[in-house]
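The next block holds one structure in the form of structure tokens; read it before the comments.
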Amino acid sequence: MGMKKIVGIPSALMYYIYYPFWLAFFNEIGVEVVTSSRTTKTILDKGIREALADACVPIKLFFGHVMELKNKCDCLFIPRVVCLNGKTIYCPKFLGLPDMIRHSLDGIPPILDVRIDARQGRLSKIKAYLEIGSYFGANRKAVLKAYCKAWITLRRHKRLLRKGLNPLEAMELIKNPNRKKSILPAKSNLKFAVLGYPYSIYDNFINANLLDKLKKLGVSVLTTENINPLILALQKNCGLPKRLFWTFSDAILKAAHYLFRHRRVDAVLHLTAFGCGPDSLLNKFIEMEAKQHKDIPFMTLMIDEHTGEAGMATRLEAFVDMVRRRKEAYPCRN
Ligand code: SF4
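Quick note on numbering: the sequence shown equals residues 0 to 333 in numbering that gives the first Met the number 0.
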């Protein structure tokens with residue numbers, strides 16, 4: 000296996016959904032994994048300094064996480080994830096991520112940038128992981144075993160998400176099953192949907208602790224990841240001539256469609272990032288859906304690198320207060 004023994008995975012973007020898979024895979028083929036820490040002001044500042052000025056904040060953050068990791072690993076795992084379901088693709092910025100990093104940052108270790116595109120045949124995902132395994136000198140049998148184990152871990156992670164946990168809590172529970180009671184979500188009489196990309200919703204630093212703030216205000220939260228994918232699939236194209244091209248955006252629109260139409264929540268929040276191309280379309284479609292369900296309050300929250308705790312707290316307190324009063328005044332509506 001030579002010198003390439005520690006692989007670095009930035010705790011940003013796809014990390015929130017696929018880290019359990021990657022960790023299980025690499026561990027099984029005997030490769031050590033190191034991640035960057037949770038986002039901090041230093042990581043954000045590094046990202047802002049190094050990334051293109053007009054990039055969205057999640058991409059800037061990714062740069063910061065790479066900077067934090069670059070001296071701690073022998074190679075960086077930044078796959079070129081194009082498509083995983085054979086139908087929708089990831090945001091174009093994901094596709095160009097390895098190139099952006101390679102050509103913008105100095106002194107970084109080699110980048111493992113295997114392309115993963117499920118539209119290129121049923122075995123394309125396995126082939127991508129065989130390529131990764133061969134980079135570390137793992138034989139075919141070991142890679143296939145690791146791939147199966149990784150899938151089992153990912154399915155376990157997804158099951159925990161459907162029980163109401165967020166991805167970080169689910170990762171913690173897989174690592175430490177004894178923590179079950181303290182992690183399982185508490186019930187509340189006010190339930191909000193928080194819709195947005197996993198890397199914005201679950202990164203507490205960049206969203207100024209949105210989920211914790213809601214919890215402290217007595218609100219339980221439902222996210223796209225908590226909804227059974229079969230329910231999302233049943234929403235088809237959400238009344239549009241065709242589905243949205245981008246995987247996360249498509250799932251979020253389906254979640255909005257389902258939650259509004261089935262009246263599953265007391266209010267809907269859409270968390271969007273300044274400078275996000277797909278969101279300029281997605282937010283419009285969610286707004287159009289919200290207008291058809293005026294009895295379910297809807298609010299868009301935009302984050303950027305200047306998002307602060309105080310501004311977020313004020314908006315959330317006012318919104319929660321309004322929804323609570325409304326629910327008390329019209330208890331039968333929900
Ligand atoms: S979907 Fe939007 S927020 Fe996410 S990486 Fe693409 S442009 Fe940035």
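Backbone N, C-alpha and C define an ideal beta-carbon position, used for all residues, glycine too. Please read these numbers as outputs of a predicted model, since none were measured by experiment.
Assigned with DSSP and collapsed to three states, Met66 falls in helix.
The Cβ-Cβ distance between Val267 and Leu194 falls below 9 Å. The residue from Phe62, Ser35 and Cys55 with its alpha-carbon nearest to that of Arg48 is Phe62. Beyond the five residues adjoining it in sequence on each side, Pro109 comes within less than 6 Å, by CB distance, of Cys74 in the same chain, given in chain order. Annotation for Ile28: Gly132, Phe135, Ala137, Ala141, Val142 and Ala145 place their beta carbon closer than 8 Å to its own, counting only its chain and skipping 5 residues before and after. The beta-carbon distance between Leu68 and Gly7, rounded to whole angstroms, is 4 Å. This is short enough to meet the 8 Å contact definition.
Taking a cut-off of 8 Å on C-beta distances, the region 256-265 does not touch the region 28-44, as fewer than three cross pairs fall below it. Under the DSSP definition of a beta bridge, Thr34 partners with Ile8. In this structure, Ile58 lies away from Asp112, with their beta-carbon atoms at least 9 Å apart. Remark: the shortest separation between the CB of Trp245 and any heavy atom of ligand 1 falls under 8 Å. Around the beta-carbon of Phe247, 16 or more other beta-carbon atoms lie within 10 Å, marking it buried.
Taking the Cα positions, Ser123 is about 6 Å away from Ala117. Taken from the Cβ of Ser248, at least one heavy atom of ligand 1 lies inside 8 Å. Three or more pairs of CB atoms, one per stretch, sit closer than 8 Å, so the region 164-177 contacts the region 194-206. Taking the CA atoms as reference points, Arg37 sits about 23 Å from Asp105. Here DSSP, grouped into helix, strand and coil, assigns Phe244 to coil. DSSP places Phe93 in the uninterrupted alpha helix (DSSP H) bounded by Pro91 to Leu94.
Boundaries of the beta strand (DSSP E) harbouring Ile115: Arg114 to Asp116, taken from the DSSP string.
Pairwise C-beta distances place the region 283-295 out of contact with the region 313-321, as fewer than three of them are shorter than 8 Å. By the neighbour-count criterion, in which 16 or more other beta carbons inside 10 Å mark a residue as buried, Asp278 falls on the buried side. DSSP, read as helix, strand or coil, puts Phe204 in coil.
Around the CB of Gly307, fewer than 16 other CB atoms lie within 10 Å, so the residue is classed as exposed.
For Leu104, no beta strand (DSSP E) encloses it, and the DSSP letter there is neither H nor E. When secondary structure is reduced to three states using DSSP, Arg79 falls in the strand class.
Put simply, of Val220, Leu22, Tyr17 and Ile100 the residue whose alpha carbon is nearest the alpha carbon of Lys162 is Val220.
Cβ neighbours of Thr299 within its own chain (closer than 7 Å, five residues either side excluded): His269, Thr271 and Asn282. The C-beta distance from Met311 to Ala207 rounds to 4 Å, short enough to fall under 8 Å. Runs of the alpha helix (DSSP H) spanning 4 or more residues and lying entirely within the region 261-311 occur at 276-290, in chain order. Beyond the five residues adjoining it in sequence on each side, Asn236 comes within less than 6 Å, by CB distance, of Arg242 in the same chain, given in chain order. As computed with DSSP, Ser219 is found in a beta bridge with Lys190.
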